[in-house]
Amino acid sequence: MTARTVFLFGTWTLAPDQEPDAEPIMYAMECSVCGAGSESSEDAAVGQRWTFQHVGRNPSHHTFRESITRPWRAWMQP
Ligand SMILES: [Zn+2]
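Note that numbering that gives the first Met the number 0 has the sequence shown beginning at 0, numbered continuously upward.
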């Protein structure tokens, strides 16, 4: 996954940040019916567990959205 664009003074490249100091990828789940949401976590299973608790308490809420927050990095090659 990369994107490039050319400017007058160089080429910018944009790619997912996989450096050791990158922010973590974060996962969260949200109910599509009522908008309630799980906490955000580096472990996708946290949000998945939340959906089971939520559907247990709200048996008519069957659809969810997963939000994935991915860090990206941009740099210029002259
Ligand atoms: Zn709900």
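Note that CB positions come from ideal geometry on N, CA and C, so glycine has one too.
Buried or exposed, going by whether 16 or more other CB atoms sit within 10 Å of the CB of W49?
buried
From the DSSP output, which residues share a beta bridge with I67?
Y26
Is it buried or exposed for G55, if we count other Cβ within 10 angstroms and need 16 for buried?
exposed
Following the continuous beta strand (DSSP E) through G9, name the residue where it begins and the one where it ends.
G9 to P15
Quickly, what does DSSP pair G36 with across the bridge? List them, please.
E29
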